[in-house]
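K.L.:
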Amino acid sequence: MDDESLSDWTERRDAKTGRLRAVPLVTGDGPKSSRLNPDAPRAIQRWNG
1 MDDESLSDWT ERRDAKTGRL RAVPLVTGDG PKSSRLNPDA PRAIQRWNG
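Numbering of the sequence shown is given in UniProt numbering, commencing with residue 1 and proceeding in unit increments.
Here it is, written out as structure tokens:
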């Protein structure tokens, strides 16, 4: 297995800061993905690292 250098990992991680993603607001053990539960409410989350 090839290990990733710490500087490469840090650079890749820093590139993710500020990205937006949809987060399901579904509780319980039901399906959470948008393809299985397309009408479920979602919130937008900004990843801050």
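Glycine residues also receive a C-beta, built at the ideal position from the N, C-alpha and C atoms.
What's the gap between the Cα of Lys32 and the Cα of Leu20?
P.N.:
Distance between the alpha carbons of Lys32 and Leu20 is about 18 angstroms.
K.L.:
Could you give the uninterrupted runs of the alpha helix (DSSP H) lying entirely in the UniProt region "Disordered" (1–49), keeping only those of 4 residues or more?
P.N.:
Fully enclosed alpha helix (DSSP H) runs of 4 or longer: 6–16.
K.L.:
What is the rounded straight-line gap between the Cα of Val26 and the Cα of Leu6?
P.N.:
Cα to Cα, Val26 sits roughly 36 angstroms from Leu6.
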